[in-house]
Each structure stands twice: as structure tokens, then as C-alpha cells.
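FYI, the numbering for the sequence shown is 241 to 637, going by the numbering used here. Positions of the beta carbon are idealized from the N, C-alpha and C atoms, including for glycine. Have a look at the structure below before the remarks.
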Amino acid sequence: MFLSNASPSYNQALDAADAATLSRDQANEVERFLTFRKNHAATPLTSLPALARELGVGSVHIKDESHRLGLGSFKALGGSYAVVKLLLETASSKLGRAVDVSELDKPEVRDIASRLTVACATDGNHGRSVAAGAQMVGAKAVIFVHSGVSDERVAAIANFGAEIYRVPGTYDDSVSVAEQVSRDNQWMVVSDTSWPGYERIPGLVMQGYTAMLNEIVRELPEPPTHVFVQAGVGGLAAAVAGYFDIVFGKNRPKFIVVEPDRAACLYESALADKPTKIAHGEPTIMAMLECYEPSLVAWRILAKKADAFMTVGEEDAAAAMRRLARPAKGDPAIVAGESGAAGLAGLCEAVGSSSTRSSLELNETSRVLLINTEGATDQKRYEDIVGSSPAKVLASN
Ligand SMILES: Cc1ncc(COP(=O)(O)O)c(C=O)c1O
241 MFLSNASPSY NQALDAADAA TLSRDQANEV ERFLTFRKNH AATPLTSLPA LARELGVGSV
301 HIKDESHRLG LGSFKALGGS YAVVKLLLET ASSKLGRAVD VSELDKPEVR DIASRLTVAC
361 ATDGNHGRSV AAGAQMVGAK AVIFVHSGVS DERVAAIANF GAEIYRVPGT YDDSVSVAEQ
421 VSRDNQWMVV SDTSWPGYER IPGLVMQGYT AMLNEIVREL PEPPTHVFVQ AGVGGLAAAV
481 AGYFDIVFGK NRPKFIVVEP DRAACLYESA LADKPTKIAH GEPTIMAMLE CYEPSLVAWR
541 ILAKKADAFM TVGEEDAAAA MRRLARPAKG DPAIVAGESG AAGLAGLCEA VGSSSTRSSL
601 ELNETSRVLL INTEGATDQK RYEDIVGSSP AKVLASN
């Protein structure tokens with residue numbers, strides 16, 4: 241399904257608060273924070289010329305977040321950054337002076353961190369990021385996971401010393417339980433989705449993603465003309481759309497939000513022109529995108545800056561994973577998880593439809609940017625779908 245953005249707010253200016261959250265200065269500051277993380281390195285931006293030829297576009301570049309900070313997804317940037325920011329704010333207020341990220345190892349800061357508990361709901365990657373951030377600063381983390389989160393993903397979160405709280409139901413159920421239990425215990429909720437009255441912390445999480453966008457802008461030979469980004473609650477998509485709007489202004493690329501057709505809350509919000517909660521049906525293999533209610537901040541930005549919303553099917557995502565794992569001759573193989581490949585699934589669907597191609601002005605001169613948002617964060621599922629292990633896929637390069 242494909243829908244051009246027909247909202248009355250389409251192409252209006254970003255709210256001042258959102259523009260400040262996603263500004264270039266803040267993105268530079270996020271990158272400075274990253275220099276204090278042990279395993280930080282920019283992730284690769286890979287050109288796929290053979291794929292571009294097959295799809296009839298000028299170029300395809302894919303930012304490969306499977307390499308991010310040893311956590312396997314771009315989410316490593318958001319939750320951990322928000323935890324560090326919040327600790328620094330708490331420490332600054334307790335110590336009565338500005339505390340900088342360079343002071344995380346000072347005994348007085350560690351002491352304040354040891355009394356802090358951060359909590360969040362997750363379908364995997366965000367919880368891993370929050371847990372890693374808490375471990376790094378010496379705080380406690382309690383992570384709420386719903387029934388659909390695989391044991392392998394839960395174990396990966398627990399590996400960072402987090403306490404795990406299993407919640408029956410869906411991601412949205414885990415969000416409300418996390419909120420309630422945290423309120424009772426005075427834990428700090430570090431959520432990647434926002435709701436009325438709770439916007440600042442999810443804004444920090446989105447701000448964390450902008451470090452990746454700074455890297456992309458530095459690395460791309462020319463600005464993109466089209467960006468296809470997969471969405472769950474929309475935080476990533478909104479960060480990308482808002483940041484590119486700030487950086488490129490009127491020359492910004494066209495921005496297309498891609499969701500699983502089984503969990504398309506942003507598509508439905510675009511149809512209704514308001515944030516819309518949808519009924520949940522069958523689970524999708526794009527487990528990280530299985531969200532039934534958009535983030536309020538994300539919707540506010542996307543209503544203005546997304547050019548189109550589209551959905552992809554289960555087999556489309558699986559086919560895109562296989563296409564990246566066994567690329568056309570000359571292109572390198574890329575390990576993309578089920579949610580990681582969804583942006584490419586959207587591009588493939590778009591080029592396959594003449595009406596979508598012409599609506600997006602997608603042609604042989606287009607420069608397309610994709611983000612492989614995760615690697616094989618569940619290796620067993622990856623092997624079931626792709627038919628080879630991630631190690632074998634990479635060995636073919
Ligand atoms: C791998 C991956 N891709 C995309 C997304 C979507 O991000 P958002 O929920 O901010 O839309 C997520 C969210 O967890 C994710 O883990």
C-alpha cells in the first residue's frame with residue numbers, strides 16, 4: 241500500500257522544540273559523547289551499484305548499523321545516550337555544578353549513578369541500548385519485554401546486567417506496565433516512544449540517532465534524492481526526516497516511511513491525519529517494527545516532513561534480507577535482520593509500481609539512501625529466513 245502525505249500540515253516548518261532536538265549542533269554533541277564509549281566507530285556506508293542498476297535508480301547507499309557499538313543496531317545510539325544525558329543532569333543538580341560526560345568515572349558521579357534505576361519497555365534493541373548505557377555509567381536497569389520477544393533477544397539484554405520483567409501481551413502492553421511499575425518505584429522511564437506529557441526523554445533518544453545522520457552526510461558523495469526508512473513507533477523515521485529537513489532545507493530528499501502491513505500505525509495515522517492506535521493482528525517477522533501506536537513527537541514531525549507512507553509484506557522483508565545477503569555481482573553482502581531490510585523492501589515495492597515510481601519521481605537519476613537498522617540480532621531467525629549464518633554471508637565478501 242502506498243499513500244502520499246495529504247496532511248494540511250505537510251511541508252510546514254518543524255516546531256521549534258523539534259528543530260532544536262534534531263539540530264546539527266546537538267548532533268555534534270552526541271558525537272562527542274560517543275568518543276567516550278569504548279567500542280565507538282562510525283558504521284560503514286556502502287554503495288550498491290549493481291542493486292541500483294537492477295532497480296533502475298542512479299545509486300543506492302546503505303548505512304549499515306549492524307556494526308553499531310557491538311550491539312547490532314542503530315538503537316545503540318539512542319537509549320544509551322539518553323541514559324548518560326539523564327545521569328549528567330541528575331549529577332549536575334545534586335552536585336550543584338555542570339557535570340560533563342568526561343567525568344563519568346569520577347567517584348562522586350558513579351555514586352549518584354549507583355542510586356539511579358532506569359527502565360523501559362522494548363521489543364529488543366532499545367532495551368539493549370538502555371541496559372548498555374546503565375551498565376556503562378554504573379546505574380541499574382529494569383527492562384520490560386512482552387511475550388513476543390525471543391529468548392535470544394532477552395538474553396542479549398540480560399547480558400548487560402539488566403533485570404528483566406516479562407509482560408504478557410504486546411509491545412504497547414509492555415509500555416504501559418513499564419510506566420506504571422516505574423512510577424510506583426520512582427524509576428526513570430527511558431522510552432523510545434512518547435505520549436501526551438512525556439516527550440522530552442523520547443526526544444533525547446531520537447537526538448541520539450542524529451550521530452548516525454552526521455556520519456551519513458559526511459560520507460555520502462552527493463546528497464540523496466530519496467530516503468526509505470522503516471518505522472515502528474516512528475522515532476527513527478522522524479529523526480531522519482527532521483534532520484535532513486534542517487540540513488538540506490528546500491533541497492531535502494523525498495522521505496518515505498516504510499512499515500509492515502501487519503503493524504502500520506503511521507500509515508493509518510496518515511490516512512486519519514491524527515495519531516492513530518490500530519488493532520493488533522498477527523505478529524510480523526519485522527518484530528522491531530511491530531508497534532500499534534505512533535510516538536506523538538514522531539507523528540508531529542512526520543505529518544510535516546514525510547512525503548509518503550507505505551507498507552510491505554512479510555515475504556517482501558524476507559526477500560530483501562536474502563537480496564542483501566546474496567547480492568548482485570560486484571556488490572558486497574550485507575547482513576540485515578528482518579526489520580533491518582524493510583527499507584529495501586519498500587524501495588523494491590516502489591520501483592515495481594509505475595504509479596508509485598512516478599508519484600515519487602523515482603528514476604535512473606535518483607540517489608537512494610537506505611538504513612540497514614539491524615544485523616542478525618536473532619541469529620536463529622536469520623538463518624531460518626536466509627538459509628545461511630551471518631558469518632557465512634560475510635565470508636562470501
Ligand atoms: C532494527 C530496528 N529498525 C527500526 C526500528 C524502528 O524504530 P522506531 O520504533 O523509532 O520507529 C527499530 C525499533 O526498535 C529497530 O529496532
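Expected contact under 8 Å - CB spacing of residue i and residue j to nearest Å
i	j	result
S244	S599	6 Å
A478	A538	4 Å
E305	T283	6 Å
E419	V407	Rounded, the Cβ-Cβ distance is 11 Å, inconsistent with contact.
M241	D501	7 Å
I456	K303	5 Å
L584	A546	Contact flag wrong, Cβ pair sits at about 18 Å.
G586	V552	6 Å
V394	I404	6 Å
G401	Q375	5 Å
T362	V377	T362 to V377, Cβ: 19 Å. No contact.
C-alpha gap between residue i and residue j, whole angstroms
i	j	result
R621	H520	22 Å
V358	Q470	27 Å
L609	T450	15 Å
E459	L285	7 Å
E462	V382	43 Å
K426	M550	The residue you asked about is not Lys; residue 426 is Gln in the sequence shown. Approximately 39 Å, taken between the alpha carbons.
A371	V591	39 Å
T516	K346	45 Å
D340	L328	7 Å
A548	A292	21 Å
E623	S390	15 Å
K380	I352	11 Å
E392	R607	36 Å
V349	K334	10 Å
V185	Y411	Residue 185 is absent from the structure shown; the chain starts at 241 and stops at 637.
W435	A635	44 Å
L262	D255	11 Å
G437	G482	21 Å
L344	R277	11 Å
A558	Y532	21 Å
S342	H307	24 Å
S595	H280	42 Å
S247	S509	10 Å
C588	A260	34 Å
Q619	A338	43 Å
N268	I541	21 Å
G448	T617	20 Å
E601	V480	20 Å
S299	S287	7 Å
S387	C505	20 Å
Reference residue i; option with closest CA among the options
i	options	result
F488	L453, E419 and L506	L453
R566	V633, E554 and A616	V633
A398	N425, E578 and S369	S369
M446	D618, S535, T410 and M561	S535
P289	A631, A573 and G627	A573
G580	E601, E604 and F468	F468
A331	G319, G310, R355 and R308	R355
Y258	L602, T524, L335 and G475	The amino acid at residue 258 is misidentified as Tyr; the sequence shows Asp. D258 has its Cα closest to that of G475, out of L602, T524, L335 and G475.
R507	H301, P523, Y438 and A543	For the record, residue 507 in the displayed sequence is Tyr; it is not Arg. The residue with the shortest Cα to Cα distance from Y507 is A543.
R440	G319, V394, M376 and F384	G319
L309	N268, L344 and G373	G373
D413	C360, S509 and N251	C360
E554	L511, V498, T605 and S342	V498
H466	Y483, I496 and K490	I496
V297	S387, E604 and E522	E604
R563	L602, Q619, G627 and R597	G627
I625	C588, D556, E601 and T596	D556
Y250	G378, K494 and H386	K494
E271	V300, P248 and Y321	Y321
Q252	E269, A631, K490 and T362	K490
H301	P464, A267, A396 and G378	P464
T524	A503, S509 and I518	A503
L295	R597, G615, D265 and P630	R597
E522	N637, D265, Q266 and G409	G409
Residue i Cβ short of 7 Å to ligand 3 heavy atom set
i	result
D412	Ligand 3 is not part of the structure shown, which contains ligand 1 as its ligands.
Does the structure place the stretch 348-366 close enough to the stretch 525-533 that three or more beta carbon pairs sit under 8 Å? yes
Given 8 Å as the limit, is there contact between the stretch 562-579 and the stretch 414-426, that is, 3 or more CB pairs closer than that? no
Validate contact between the stretch 312-332 and the stretch 604-619 using beta carbons, cut 8 Å, 3 pairs: yes
Is the stretch 318-327 touching the stretch 432-445 in the sense that three or more CB pairs, one from each, lie closer than 8 Å? yes
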